[in-house]
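Engineer: When we follow my numbering, the leftmost residue of the sequence shown carries the number 1, and every step to the right adds one.
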Amino acid sequence: MKATILIVDDHQSVRVLVADYLGEQGYRVLTASDGDEGLIIARRTKPDLVLLDVMMPKLDGFGFLQAYRRDCTAPVILLTARIEETDKVVGLELGADDYITKPFGMKELVARIRAVLRRTTAAQNPMTTELLRVGALELNHATREVTIAGQPASLTPSEFALLAVLMAAPGRVFTRELLLEKLQGNTYEGVERTIDVHIRNLRRKIEPDPTRPQYVETVFGAGYRCRVSPEG
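Laid out in structure tokens, this is it:
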């Protein structure tokens with residue numbers, strides 16, 4: 001059975017259109033008309049992915065994300081009519097995995113959903129070692145767990161996938177464009193700042209001091225890499 005997807009959008013026409021199409025694709029679909037209702041349904045049913053409108057009455061998409069990320073790591077795709085990049089960055093900083101700008105085509109939406117859900121599967125890269133270690137940082141593909149000095153780090157699917165790419169090739173420099181492609185395939189919109197936001201969030205969770213990263217290093221003018229020999 002395919003994944004369960006929760007649609008949180010205050011426009012009934014959008015909910016019905018998207019729900020009908022995703023249902024035809026074999027997904028189990030749940031819907032909510034605002035952020036408050038969405039949180040109740042999400043916490044009760046634990047969907048595999050949330051499609052989240054940003055501009056809603058009562059609790060908006062950003063408010064939903066803040067509350068949802070306190071205890072849930074399932075991926076979230078923002079459905080946004082906003083065109084300002086800063087708004088998209090805010091969503092990513094709050095824990096969204098991707099965004100798609102309204103109006104959007106159904107085929108593009110399904111492609112985004114499939115790309116994000118792939119990040120949650122353990123068989124993401126058959127050539128990748130199941131257990132990756134760099135210094136005190138450990139990533140387990142089988143259990144989808146990350147620990148730092150034995151302490152668990154709660155990562156979103158995008159953060160986990162990004163860290164897995166970097167840890168699989170310590171010392172290799174990955175450009176932002178290449179990291180976007182690895183996370184989103186050929187469906188990404190090309191906003192490279194998306195990677196910067198995910199990296200910043202990742203560092204907050206795995207680095208002893210995020211201002212002096214030991215594991216995920218910035219290579220100025222090039223991109224990012226996982227350090228071969230972390231300090232400490």
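In this text, a Cβ means the ideal position worked out from N, Cα and C, and glycines have one as well.
Please state the DSSP three-state secondary structure of F174.
Structural biologist: strand
Engineer: Within the continuous alpha helix (DSSP H) that includes P157, where are the two ends?
Structural biologist: P157 to M167
Engineer: Specify the secondary structure class of R212 as computed by DSSP and reduced to three states.
Structural biologist: Under the three-state reduction of DSSP output, R212 falls in the coil class, being neither helix nor strand.
Engineer: Could you check if D98 belongs to the surroundings of the ligand MG, using beta carbon to heavy atom distance under 7 Å?
Structural biologist: Ligands are entirely absent from the displayed structure, and the ligand MG is therefore not among its contents.
Engineer: Please name the residue, chosen from A115, D20 and R225, that lies closest to G171 on a Cα-to-Cα basis.
Structural biologist: R225
Engineer: Return the chain-ordered list of same chain residues with a C-beta closer than 8 Å to the C-beta of Q12, the five sequence neighbours on each side being excluded.
Structural biologist: S33
Engineer: Please state the DSSP three-state secondary structure of T234.
Structural biologist: No answer is possible for residue 234: it lies beyond the span of the chain, which begins at 1 and ends at 232.
Engineer: Going by DSSP in three states, V228 sits in which element: helix, strand or coil?
Structural biologist: coil
Engineer: If I measure Cβ to Cβ from M106 and keep anything under 7 Å in the same chain, skipping five residues before and after, which residues do I get?
Structural biologist: Y21
Engineer: Hey, could you find the ends of the beta strand (DSSP E) T4 is sitting in?
Structural biologist: It spans T4 to V8 - the beta strand (DSSP E) in which T4 sits, taken as one unbroken run.
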